[in-house]
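Residue numbers (the working numbering), protein chains in the order written: chain A, 1 to 595; chain B, 596 to 1194. All C-beta atoms, glycine included, are put in the ideal place defined by N, C-alpha and C.
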Amino acid sequence: MINVTIDNKQIQVPEGTTILKAARMAGIHIPTLCYFELAGMKFENKPGGCRVCVVEVVKDFNGRPRRNLAPACATDCVEGMEVLTHSARVINARRTVVELILSDHPTDCLTCAKSGNCELQSLAQYLGIRDIPFKGEQSHYRQDMSPSIVRDMDKCVMCRRCENMCNNVQTVGALSAINRGFSAVVAPAFEQDLVDSPCVMCGQCVQVCPVGALTEVDDTRNVMAAINNPKKTVIVNTAPATRVALGEEFGMPAGTIVTGQMTAALRRLGFDYVFDTDFAADLTIMEEGTELLGRIKRYMEGDKSVRLPILTSCCPGWVNFFEHNFPDMLDVPSTAKSPMQMFGAVAKNYWAEKMGIKREDLVVVSIMPCLAKKYESKRKEFYKDGNPDIDYVLTTRELARLIKQFNLNLKDMPSEDYDDPLGESTGAAVIFGATGGVIEAATRTAYEVFTGKPLPKIDFTELRGIEGIRDAWVDFDGTPIHIGIAHGLSNARKLLERVREGKEQFHAIEVMACPGGCVGGAGQPYHHGNSEIIKKRTEAIYREDAGKPIRKSHENPSIKKIYEEYFGEPCGHKSHELLHTHYFDKSEHVEISED
Amino acid sequence: MHVLVCGGTGCQASASAQIIENFQRILAEKGLQDEVQVVRTGCFGFCEKGPIVKIMPDNTFYTQVKPEDVEKIINEHIIKGRKVTDLLYLDPENKEHVSDSKHMGFYRKQLRIALRNCGFINPENIDECISRGGYEALGKCLTEMTPQQVIDEVTKSGLRGRGGAGFPTGVKWGLCAKNKCDEMYVICNADEGDPGAFMDRSIMEGDPHSIVEAMAICGYAIGASHGLVYIRAEYPLAIHRLQIAIAQAREYGLLGDDILGSGFNFDIELRYGAGAFVCGEETALIHSMEGKRGEPTLKPPFPAVSGYMAKPSNVNNVETFANVPIIITKGADWFASIGSEKSKGTKVFALAGQINNVGLIEVPMGTTLRDIIYEIGGGIKGGRQFKAVQTGGPSGGCLTEKHLDTAIDYESLAAAGSMMGSGGMVVMDETSCMPAIAKFYLEFTCEESCGKCSPCRIGNKRMLEILTKITRGEGTMDDLQELRNLAAVIKDTALCGLGQTSPNPVLSTLDNFWDEYVEHVVDKKCRAGVCKKLMSYEIDKEKCIGCGKCAKNCPGDAISKTDYIAPGHKLPSMVIDSTKCIKCGACIAGCKFGAISVK
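Given below as structure tokens:
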């Protein structure tokens, strides 16, 4: 332990503690901008670039004052150090630095998607800035919009969080700093558009951007236009992770379950039917579980051509990632579509036929914790005759905005049930929202189908947790099944490389692109680096599961019915047509035109 | 007999290659090729008077030699033994010809330690280097000294980093040596980037073996067997000569495995930089070598702990390394006897600007600015008035008349508001406008900032914008206030050395030339006549004879006839429409009657 004095407060901190962390321990607030920590996910961004957290070191390691101001986020405490965090010198410097940043930032807060959630805005308020003394040139860049993400780099403050997230946490490598001096900005290589880059649309860059430089594509107007069109039947489905996060936007504590209120609010918005993506998650388990058991059976019978492990394919960010980075393994993942795309296929075929609604008159909207889902819904293989299976995807944040526009408060909503038949789901489906959940749900069903015996215990706690890479052996009544789990794409890359090199063997691997799984998705309310929030949402997911009367997908009555009425059997002819997909090699190198 | 011809980049640009060719051809024609050896050397330093040809052993120093002069030198000097007087240096004071460089004002006060071999050897020939004591120090280290003794010797010598910051070299080596591991690196920072600076380039071009030798010594001292030279790709000649030197040293067993049978292994690899100034900062340099974006990261960790590829690395500048071998051979006490109290040895400067003797000089620490400018530099060009001297490149400051007796060392220059830097020295006379000079340096820093930290990325840009306003006559007193605050904050908050020093030209000119700023802002005048927007061209209607030549010369159609005919003249006088005038000066150049003036 070492002794430091911050703002005349003496404290003891462990060696290696930064001034910023020591100050926080002492209850002293030092404003920051580029600094970002997601403690549970081992993610720390401290390039020392913004210089907002600078402090005055009046006594340094040598007993003398430090010549210049020190960035608190990246300067370690040393024995006997004395620090002032709010001296006149510091306040003048900090204020000037923020004024400089503001002088190269559009002041369009009125219409900015980030207004109210913007860390630069809060900082300007905290410092009481009423005027920007520096008038001069402002940076202008071409706006770039992928199906998921809007890049407005005029607003970039070079905090490098997105770059760090993209390269180190996700190992996607789409974003990096380019150019120098005043023209320096974060962009894909050669200032390509995001869609042409290796971007997998996971949107974690959006989740950490402190300002409005990276935001989600806003589809709320399109959805409202569809609802306002009397010719259209507009239905909605809600992903598992949305129900444990939406409440945060209405001031409820993280981890509040708002399934019933969300359903009620969606009806007030004018959706004709409110369904649950969880129904399709149960369907996914039937298909993916059957596929897994099929492969294991063939493998055990000595079929050498069978590819194991099977990889889950529910996460569109992950699908993009392996299409870009593991093109030699395209036959390894499950061919089962994601629950959302299964929902779309079922809604626009089975349900539309049953209801007598023409495909083009049916609009299917999804509420997702995810930005990659916006892109997934636009993949051409999920279109039929120019009409997509899923018309629009709204994030949890966009839904919250719509609810507020309707002058509704989620807190005051009654609890309502989903509509039938695409609203009935099990506890196995809801855990799709957290890392380890998909594979646990699959295991619950696969065990019973494989062994023909009821599960001795339903909670596979060995598959749960927050470690980036986990593995567990599950005993299928004498047959040991090896299961791997990764969340965060750098972890997925590590695990997959181990498999590719033959260092480790698994029967099944679950991957979710976002840290924590869908609960930590890029479409969720901003967590601002508080990993406790993600933990609380995860706990809520498992609480919701535990409270469900049915907790195994194959026991869902509506699922049983749809196989009887329509699909016949899992992985049968009809389901191959509607519920399975294929993957593409997207590894091609960046091409630069000659001119 | 030896004919030494300067093969530095400057003299090469003035046809020194042709001079060498002529010597070889004509000597061969006369059958003297075995009697006289023609050597292409590195830079002599006296670039103002280049190309330089030196005849040995009688030490005759010919200046501004042209290829066609070669025949005369051979016929007169080499064959008949008579010096070619009109090619000798003419002393500007007593108007006498000087044949030995020792007696020239330019060389008299110089002491060449880092440049000891430049101009004396063929840098592409390792034997010539060895004959002047090259690799003796490496031999001594490997056979007589322990690594710790080498570090102690360098520490004792008082050698400090010549890249600008002045950190004690021996201490730096010691810090790195403490982090022993199986993979360590010696890195030579040859990313010389100050505008107008060519100290390191000249050393590498003139004496590349001194760098190779010093890096091996450093490797031995800290326990590293890999050497890397980070060199600008814009230095093709330096690269070429370093490559030759490395290859020759390998051939002689002075690089590679088991050097001189000592069991010590060391080899050197070149890495090319793309010319980003910020890559002279050691962490940025390391990132650039790793293939990453060349931008600095915070220290600690220092490279001595985690440098290239996260391995302990020692980074020294070219000139620092060049001093090392001679410290080992002549001893730390000898080196420490030269220079001032805290700054030992010598410093190489690239002397440039409005000065008579432009060139590369090396002086003992503690020499005054006055000696450099008036003795070595030969005073201000055209007999004009000295105004300021800028040291330390874009990171340094402008010093004035009152600082001329400042002794040059790290502390005194910093105390005067400038810095040693890597050794750029630009002398300015009354035709220089100080706000415009500050703006010039800031344009450079803005261009070269990596953009990582906000004060440097945006702050320097805003300072440049304010300075641009001032030089256009649009500045206010509030702007001056803002400029000063901004400069102080950037200095206080920027991430790396580039940003922390970039306000120096602004601060030092604000301090030393405040009146000139006020003139620009309040009186809208530029006394140096540099800021075009603050000038106006006027025709004296009494002097104008109405010939109309000025109107014909004017590219902007700004000059027309008036109704007024001055007494004694036949034609109406001309007048300039200031709203159309682009201040090009074409009218003045054409007026034979002195009727047009700049106000």
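Alpha-carbon spacing of residue i relative to residue j, whole angstroms
{"i": "Ala187 (chain A)", "j": "Pro1050 (chain B)", "result": "21 angstroms"}
{"i": "Pro920 (chain B)", "j": "Gln121 (chain A)", "result": "58 angstroms"}
{"i": "Gly289 (chain A)", "j": "Pro570 (chain A)", "result": "9 angstroms"}
{"i": "Glu216 (chain A)", "j": "Pro515 (chain A)", "result": "18 angstroms"}
{"i": "Ile615 (chain B)", "j": "Val665 (chain B)", "result": "9 angstroms"}
{"i": "Gly427 (chain A)", "j": "Arg444 (chain A)", "result": "11 angstroms"}
{"i": "Cys1045 (chain B)", "j": "Gly212 (chain A)", "result": "23 angstroms"}
{"i": "Met1072 (chain B)", "j": "Glu99 (chain A)", "result": "20 angstroms"}
{"i": "Asn409 (chain A)", "j": "Asp391 (chain A)", "result": "26 angstroms"}
{"i": "Lys751 (chain B)", "j": "Asn912 (chain B)", "result": "19 angstroms"}
{"i": "Thr96 (chain A)", "j": "Leu69 (chain A)", "result": "13 angstroms"}
{"i": "Glu462 (chain A)", "j": "Gly436 (chain A)", "result": "9 angstroms"}
{"i": "Ser366 (chain A)", "j": "Ala23 (chain A)", "result": "44 angstroms"}
{"i": "Ile1140 (chain B)", "j": "His1115 (chain B)", "result": "34 angstroms"}
{"i": "Cys713 (chain B)", "j": "Ala844 (chain B)", "result": "18 angstroms"}
Secondary structure of residue i, DSSP reduced to three states
{"i": "Tyr1159 (chain B)", "result": "coil"}
{"i": "Phe279 (chain A)", "result": "helix"}
{"i": "His596 (chain A)", "result": "Nothing in the structure corresponds to residue 596 (chain A), since chain A is present only between 1 and 595."}
{"i": "Asn228 (chain A)", "result": "helix"}
{"i": "Gln10 (chain A)", "result": "strand"}
{"i": "Gly572 (chain A)", "result": "coil"}
{"i": "Leu946 (chain B)", "result": "strand"}
{"i": "Arg89 (chain A)", "result": "helix"}
{"i": "Ile615 (chain A)", "result": "With chain A covering 1 to 595 only, the question about residue 615 (chain A) has no answer from this structure."}
{"i": "Ser1192 (chain B)", "result": "strand"}
{"i": "Glu890 (chain B)", "result": "coil"}
{"i": "Cys874 (chain B)", "result": "helix"}
{"i": "Gly720 (chain B)", "result": "Contrary to the premise, residue 720 (chain B) reads as Asn rather than Gly in this sequence. Asn720 (chain B) falls in the coil class under three-state DSSP."}
{"i": "Gly289 (chain A)", "result": "helix"}
{"i": "Met41 (chain A)", "result": "helix"}
{"i": "Ile132 (chain A)", "result": "coil"}
Member of the options whose CA lies at the smallest distance from the CA of residue i
{"i": "Leu33 (chain A)", "options": "A:Gly529, A:Val332, A:Asn325, A:Ala442", "result": "A:Gly529"}
{"i": "Pro240 (chain A)", "options": "A:Ile257, A:His140, A:Val511", "result": "A:Ile257"}
{"i": "Ser87 (chain A)", "options": "A:Ile30, A:Lys114, A:Cys73", "result": "A:Ile30"}
{"i": "Arg596 (chain A)", "options": "A:Glu532, A:Ala492, A:Ala124", "result": "Absent from the model: residue 596 (chain A). The displayed extent of chain A is 1 to 595, so no value can be given."}
{"i": "Ala871 (chain B)", "options": "A:Val200, A:Glu291, A:Asn179", "result": "A:Asn179"}
{"i": "Gly856 (chain B)", "options": "B:Asp789, B:Trp1109, B:Ala809, B:Lys735", "result": "B:Lys735"}
Within 8 angstroms, strictly: CB atoms of residue i and residue j
{"i": "Gly954 (chain B)", "j": "Pro687 (chain B)", "result": "no"}
{"i": "Ile806 (chain B)", "j": "Cys776 (chain B)", "result": "no"}
{"i": "Leu283 (chain A)", "j": "Leu489 (chain A)", "result": "no"}
{"i": "Met201 (chain A)", "j": "Ser146 (chain A)", "result": "yes"}
{"i": "Cys162 (chain A)", "j": "Val208 (chain A)", "result": "yes"}
{"i": "Pro339 (chain A)", "j": "Ala280 (chain A)", "result": "yes"}
{"i": "Gly452 (chain A)", "j": "Asp389 (chain A)", "result": "no"}
{"i": "Ile971 (chain B)", "j": "Lys704 (chain B)", "result": "yes"}
{"i": "Gly1019 (chain B)", "j": "Thr986 (chain B)", "result": "yes"}
Buried or exposed by the 16-neighbour rule on C-beta atoms within 10 Å, applied to residue i
{"i": "Glu876 (chain B)", "result": "buried"}
{"i": "His554 (chain A)", "result": "buried"}
{"i": "Ser1131 (chain B)", "result": "exposed"}
{"i": "Gly889 (chain B)", "result": "buried"}
{"i": "Asn717 (chain B)", "result": "buried"}
{"i": "Tyr383 (chain A)", "result": "exposed"}
{"i": "Val633 (chain B)", "result": "buried"}
{"i": "Trp1109 (chain B)", "result": "exposed"}
{"i": "Gln980 (chain B)", "result": "exposed"}
{"i": "Asp331 (chain A)", "result": "exposed"}
Any non-hydrogen atom of the ligand ZN closer than 7 angstroms to residue i Cβ
{"i": "Gln744 (chain B)", "result": "For the structure depicted, the ligand ZN is absent and the ligand set is empty, with no information on it obtainable."}
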